[in-house]
Amino acid sequence: SRGTSGGTCGGISDGTSGGTFASIGTIYEFSPPSVTRETVDNSSHASTERWRDYIAGMKAAGTMSLDIVFDPGETDVTGMYDDLNTDSAGYYKIIFNDDGSTEWGFSAFITNIAPAAPMDDKRMLTVEFQLTGKPGWIS
Numbered sequence: 039s040r041g042t043s044g045g046t047c048g049g050i051s052d053g054t055s056g057g058t059f060a061s062i063g064t065i066y067e068f069s070p071p072s073v074t075r076e077t078v079d080n081s082s083h084a085s086t087e088r089w090r091d092y093i094a095g096m097k098a099a100g101t102m103s104l105d106i107v108f109d110p111g112e113t114d115v116t117g118m119y120d121d122l123n124t125d126s127a128g129y130y131k132i133i134f135n136d137d138g139s140t141e142w143g144f145s146a147f148i149t150n151i152a153p154a155a156p157m158d159d160k161r162m163l164t165v166e167f168q169l170t171g172k173p174g175w176i177s
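Here it is in structure tokens:
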């Protein structure tokens with residue numbers, strides 16, 4: 039339904055935004071990044087009425103984490119471990135379950151992969167991404 043994240047899925051590219059995507063698996067939960075902008079203090083002794091002046095600084099796409107249902111033998115899991123072991127950013131996308139299946143693409147490094155196999159629940163894999171550059175809405 040609109041406004042919930044149920045049905046959201048993701049994909050791993052072969053390295054480019056227009057590349058071939060493979061499924062990331064069953065996303066149980068995810069935390070989208072918080073896009074931020076720094077400010078730079080541009081104040082001086084000549085600032086109007088001694089009020090601080092700021093200018094826009096660098097922007098950062100932040101970090102994101104995915105919790106996916108963990109099947110150790112699936113290619114999505116081995117692909118993410120491969121991405122962790124490379125020094126190049128991968129290209130990923132999240133497909134939302136809205137009416138238009140909106141896609142959000144981004145370049146990122148995988149910074150952490152943490153499997154969990156609790157006794158009384160499903161196996162899960164938490165994957166953390168450090169986004170690099172400007173993320174974008176694909177559709």
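Remember, my numbering sits 38 above the position in the sequence shown when you count from 1. Virtual Cβ for every residue (Gly too), placed ideally from N, Cα, C.
Where does residue i fall in DSSP's three states?
| i | result |
| --- | --- |
| Val73 | coil |
| Thr86 | helix |
| Asp79 | strand |
| Arg40 | Residue placement at Arg40 cannot be trusted, given a pLDDT of 36 that sits under 50; what the coordinates show is reported in the next sentence. In the structure shown, Arg40 sits in coil (DSSP, three-state: anything other than H, G, I, E or B). |
| Gly174 | strand |
| Gly138 | coil |
| Gly111 | coil |
Which one or two residues does DSSP pair with residue i in a beta bridge?
| i | result |
| --- | --- |
| Pro153 | Leu163 |
| Met102 | Phe167 |
| Ala146 | Gly128 and Leu169 |
What separation, rounded to the nearest whole angstrom, lies between the Cα atoms of residue i and residue j?
| i | j | result |
| --- | --- | --- |
| Ala99 | Ile151 | 20 Å |
| Ile65 | Tyr129 | 17 Å |
| Val165 | Gly174 | 20 Å |
| Trp142 | Thr86 | 42 Å |
| Met162 | Ser61 | 16 Å |
| Phe108 | Pro153 | 7 Å |
| Ile106 | Ala84 | 55 Å |
| Gly95 | Leu104 | 29 Å |
| Thr116 | Thr140 | 26 Å |
| Thr149 | Gln168 | 7 Å |
**Study point:** Segment contact, 8 Å Cβ cut-off, at least three pairs: the region 133-149 with the region 75-91
**Key:** no
Check your understanding: Below 8 Å, can you find three or more Cβ-Cβ pairs linking the region 111-124 to the region 69-80?
Key -> no
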